[in-house]
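Engineer: Numbering of the sequence shown is given in the UniProt record's numbering, commencing with residue 1 and proceeding in unit increments. Structure provided below as structure tokens; questions to follow.
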Amino acid sequence: MSPIAPGQLPAELVNLLALHSSFLTALSLHYAHNGVSTPADLQALTASTTLVWRQRKVTYDDVRLLIGILDHGPSGANNPYYLSDYGRGKICIEIKENSPMMNGMTHMNEQGLQEMFKEGLDTLWSQWCASQKMSTRPIAVPKRGRGRPKKTDVKQATMETFLDDASISKFLSQLPLAEITTCESLTALAPSQEKGRKRLREFKESVQQGRAQKKTRSATDKENESTTGQTQQTQPAQPKITEFAAVRKTNLLDRILAKQEAAKAGPAAPSPAELQRRAALQRTPEVIGVLSLLCASKPGSRVSFSTTALIQALQGSIRTPISKDEAMKCVEVLANEVAPGYVSLVSMGAMSSVVINQMMRPTDIKSRLIALGA
1 MSPIAPGQLP AELVNLLALH SSFLTALSLH YAHNGVSTPA DLQALTASTT
51 LVWRQRKVTY DDVRLLIGIL DHGPSGANNP YYLSDYGRGK ICIEIKENSP
101 MMNGMTHMNE QGLQEMFKEG LDTLWSQWCA SQKMSTRPIA VPKRGRGRPK
151 KTDVKQATME TFLDDASISK FLSQLPLAEI TTCESLTALA PSQEKGRKRL
201 REFKESVQQG RAQKKTRSAT DKENESTTGQ TQQTQPAQPK ITEFAAVRKT
251 NLLDRILAKQ EAAKAGPAAP SPAELQRRAA LQRTPEVIGV LSLLCASKPG
301 SRVSFSTTAL IQALQGSIRT PISKDEAMKC VEVLANEVAP GYVSLVSMGA
351 MSSVVINQMM RPTDIKSRLI ALGA
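Here it is as structure tokens:
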């Protein structure tokens, strides 16, 4: 029995206030890292609250109790939080729209929320005390060993209420818990999820039915083999096709072999050289534009460049970075397929050069590329 002074909460309720303060600290850290628009997962939030509070492990019911006290206090309409179920055991704390306890949706008003929680807890405590009609007793009580009890002094000014641990536990057990609402997205996905679960059940039932039929068929075959004796052994064994196998029609090996045959009958995949040629054909219009700019700075209808200098110029002018081999492949495709008269490759021993004949510049590049399969 411990005396409770008027206007003072028991130690258990003081611990509850400390738990709510630790909860606000952990929630503030979550919003600081993720923003207030991100729902807070209770699994991570309870772990953070446990580290801050350092009394015991915080559970989901503790968080529901804290939010429930905020909801049932005098300022319950201003409670900014509610619990939302996202399915598969994931429960998150979300913020109500236009909540007055959030300062412009940028940070939490921790002091205001703590005062609102204390006000709600004090109100619930006062209502419970009034409903229980707790009696008051004087401080002076009869001592053991006296044959006659001491008279109560009705004029004594100090009167205190006495509570035991059972009363505090009874009060804590009747405190309200916040409700958990189903998330809107989970409600929208419920029909499709139920359809998937139904298909899975049907598939499992068909598999079990096929296995049961296979066992029954094998048992029947064994009985027939024992009755026929040696005459059945002389006959060739017939393939046993169960109803389950008939439903499946083809097994995995047959499907793999069918895919292999289809791949052999289809067109062959292009070789690496063919892929490099197609890439060079696709770069041809841009390469011709670069060659025209290089020829504009030099007089004459025929302009020659060293192969090394031209490749470096192409690498520095084309928007997409290319290697020396890719640039050389572009020049070879131009000289051999796209514009043989416009671009020519000339080699003299170890020296090689590229000659551009501006009079032979092609006009319809797109149709030529389409014809070449670009």
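For every residue, glycine included, the Cβ atom is placed at its ideal position computed from N, Cα and C. Being a predicted model, the structure only gives us computed values, none of them experimental.
Determine the contact status of GLU119 and GLY73, defining contact as a CB-CB distance below 8 Å.
Structural biologist: The residue you call residue 119 lines up with position 119 of the sequence shown. The residue you call residue 73 lines up with position 73 of the sequence shown. Yes, they are a contact pair.
Engineer: I need the boundaries of the alpha helix (DSSP H) containing SER131, first residue and last residue.
Structural biologist: On the sequence shown, residue 131 is found 131 positions in, with the first residue counted as 1. Residues 110–132.
Engineer: Check the C-beta distance from LEU83 over to THR181 and give it rounded, since I have them as a contact under 8 Å.
Structural biologist: Locating residue 83 in the sequence shown gives position 83, where the first residue counts as 1. Locating residue 181 in the sequence shown gives position 181, where the first residue counts as 1. At roughly 7 Å, the Cβ-Cβ gap stays under 8 Å, so LEU83 and THR181 are in contact.
Engineer: Do TYR31 and LEU42 have their CB atoms nearer than 8 Å?
Structural biologist: Sequence index remark: in the sequence shown, residue 31 carries index 31 (1-based). Sequence index remark: in the sequence shown, residue 42 carries index 42 (1-based). Contact: no.
Engineer: For the segment 40–90, which segments carrying the alpha helix (DSSP H) assignment without a break, of at least 4 residues, lie completely within its bounds, in sequence order?
Structural biologist: Correct list: 42–53 and 60–71.
Engineer: For the UniProt domain "DNA replication factor Cdt1 C-terminal" (251–349), list the alpha helix (DSSP H) runs that are entirely contained and at least 4 residues long, ordered along the chain.
Structural biologist: Fully enclosed alpha helix (DSSP H) runs of 4 or longer: 252–265, 272–282, 284–296, 307–317 and 324–333.
Engineer: Pick helix, strand or coil for GLU97, following the three-state DSSP scheme.
Structural biologist: For the purposes of this step, residue 97 is identified with residue 97 of the sequence shown, where counting begins at 1. In the structure shown, GLU97 sits in coil (DSSP, three-state: anything other than H, G, I, E or B).
Engineer: Using a threshold of 8 Å, state whether the C-beta atoms of VAL338 and THR284 are closer than that.
Structural biologist: Residue 338 sits at position 338 when you count from the first residue of the sequence shown. Residue 284 sits at position 284 when you count from the first residue of the sequence shown. Yes, they are a contact pair.
Engineer: Just how far apart, CA to CA, sit LEU291 and MET359?
Structural biologist: Position 291 of the sequence shown, counted from the first residue, corresponds to residue 291. Position 359 of the sequence shown, counted from the first residue, corresponds to residue 359. If you take the alpha carbons of LEU291 and MET359, they lie about 13 Å apart.
Engineer: In whole angstroms, give me the CA-to-CA distance for LYS366 and GLN282.
Structural biologist: Reading the sequence shown from its first residue, position 366 is the one you call residue 366. Reading the sequence shown from its first residue, position 282 is the one you call residue 282. Those two C-alpha atoms are separated by around 10 Å.
Engineer: Return the CA-CA distance between LEU19 and ILE67, expressed in angstroms with no decimal places.
Structural biologist: For the purposes of this step, residue 19 is taken as the residue at position 19 of the sequence shown. For the purposes of this step, residue 67 is taken as the residue at position 67 of the sequence shown. Cα to Cα, the separation comes out at about 12 Å.
Engineer: Taking ILE95 as the reference, which of THR38, LEU17 and TRP125 has the closest Cα?
Structural biologist: As a position in the sequence shown, residue 95 is number 95, starting the count at 1. For ILE95, the nearest C-alpha among the options comes from THR38.
Engineer: Work out the CA separation of GLN174 and THR161 for me, nearest whole Å.
Structural biologist: Locating residue 161 in the sequence shown gives position 161, where the first residue counts as 1. Locating residue 174 in the sequence shown gives position 174, where the first residue counts as 1. Confidence at THR161 is low in this model, with a pLDDT of 46, below 50, so the placement of that residue should be treated as unreliable; the coordinate-derived value is given next. Their Cα atoms are separated by approximately 20 Å.
Engineer: Locate the beta strand (DSSP E) running through THR25, then write down its first and last residues.
Structural biologist: Locating residue 25 in the sequence shown gives position 25, where the first residue counts as 1. That residue, THR25, is in no beta strand (DSSP E); its alpha helix (DSSP H) goes 11–34.
Engineer: So, does the segment 296–312 touch the segment 263–272, judging by three or more C-beta pairs under 8 Å?
Structural biologist: Touching, no.
Engineer: Would you mind stating whether ARG277 and VAL331 have Cβ atoms separated by less than 8 Å?
Structural biologist: Mapped onto the sequence shown, residue 277 falls at position 277. Mapped onto the sequence shown, residue 331 falls at position 331. Cβ distance not < 8 Å, so ARG277 and VAL331 don't count as in contact.
Engineer: What residues in its chain sit with their C-beta under 8 Å from that of GLY76, if we drop five residues either side in the sequence?
Structural biologist: Locating residue 76 in the sequence shown gives position 76, where the first residue counts as 1. Closer than 8 Å at the Cβ level, and outside the excluded window around GLY76, lie LEU70 and GLY120.
Engineer: I'd like the span of the alpha helix (DSSP H) that includes SER353, first residue to last.
Structural biologist: Position 353 of the sequence shown holds residue 353. Run containing SER353: none in the alpha helix (DSSP H); it sits in the beta strand (DSSP E), 351–357.
Engineer: What is the DSSP secondary structure of PRO6, reduced to helix, strand or coil?
Structural biologist: By one-based count along the sequence shown, residue 6 stands at place 6. Bear in mind that the predicted position of PRO6 carries a pLDDT of just 43, short of 50, making it too unreliable to give a figure here.
Engineer: Going by DSSP in three states, THR216 sits in which element: helix, strand or coil?
Structural biologist: Walking along the sequence shown from the start, residue 216 turns up at place 216. Three-state DSSP puts THR216 in a helix.
Engineer: If you run the structure through DSSP and keep just helix, strand and coil, what is GLY147?
Structural biologist: Looking up residue 147 in the sequence shown gives position 147. With a pLDDT of 49 at GLY147, under the threshold of 50, the predicted position of this residue should be treated as unreliable, though the coordinate-derived value follows. Three-state result, GLY147: coil.
Engineer: When you compare the CB positions of LYS329 and ALA280, do they come within less than 8 Å of one another, or not?
Structural biologist: Your numbering for residue 329 matches position 329 in the sequence shown. Your numbering for residue 280 matches position 280 in the sequence shown. Yes, the Cβ-Cβ distance between LYS329 and ALA280 is below 8 Å.
Engineer: What are the residues that DSSP puts in a beta bridge with THR363?
Structural biologist: Mapped onto the sequence shown, residue 363 falls at position 363. Paired residues: none, contrary to the question.
Engineer: Taking the straight line between their C-alpha atoms, what separation do you get for GLY35 and SER271?
Structural biologist: Taking the first residue of the sequence shown as 1, we reach residue 35 at position 35. Taking the first residue of the sequence shown as 1, we reach residue 271 at position 271. Distance between the alpha carbons of GLY35 and SER271: 52 Å.
Engineer: Does the Cβ-Cβ distance between ILE370 and VAL303 come in under 8 Å?
Structural biologist: What you label residue 370 is simply residue 370 of the sequence shown in a count that begins at 1. What you label residue 303 is simply residue 303 of the sequence shown in a count that begins at 1. Taking 8 Å as the Cβ cut-off, ILE370 and VAL303 do not qualify as a contacting pair.
Engineer: Can you name the start and end residues of the beta strand (DSSP E) that THR181 belongs to?
Structural biologist: Sequence index remark: in the sequence shown, residue 181 carries index 181 (1-based). Residues 180–182.
Engineer: Using C-beta distances below 7 Å, list every residue in its chain close to CYS92, excluding the 5 sequence neighbours before and after it, in chain order.
Structural biologist: Within the sequence shown, the letter at position 92 stands for residue 92. Same-chain partners within the cutoff: PRO39, ALA40, ASP41, LEU42, SER84 and TYR86.
Engineer: Can you tell which of GLY300, SER306 and ALA335 has the C-alpha that lies nearest to the C-alpha of ALA350?
Structural biologist: Locating residue 350 in the sequence shown gives position 350, counting from the first residue. Out of GLY300, SER306 and ALA335, SER306 has the C-alpha closest to the C-alpha of ALA350.
Engineer: Is LEU24 closer than 8 Å to GLN114 when the C-beta atoms are compared?
Structural biologist: Within the sequence shown, residue 114 is the residue found at index 114, counting from 1. Within the sequence shown, residue 24 is the residue found at index 24, counting from 1. Yes, Cβ-Cβ distance for GLN114 and LEU24 is below 8 Å.
Engineer: Please work out which residues of its chain come closer than 8 Å, Cβ to Cβ, to GLU286, disregarding the five sequence neighbours upstream and downstream, and give them in chain order.
Structural biologist: The count along the sequence shown starts at 1 and reaches residue 286 at position 286. The residues are ILE318 and ARG319.
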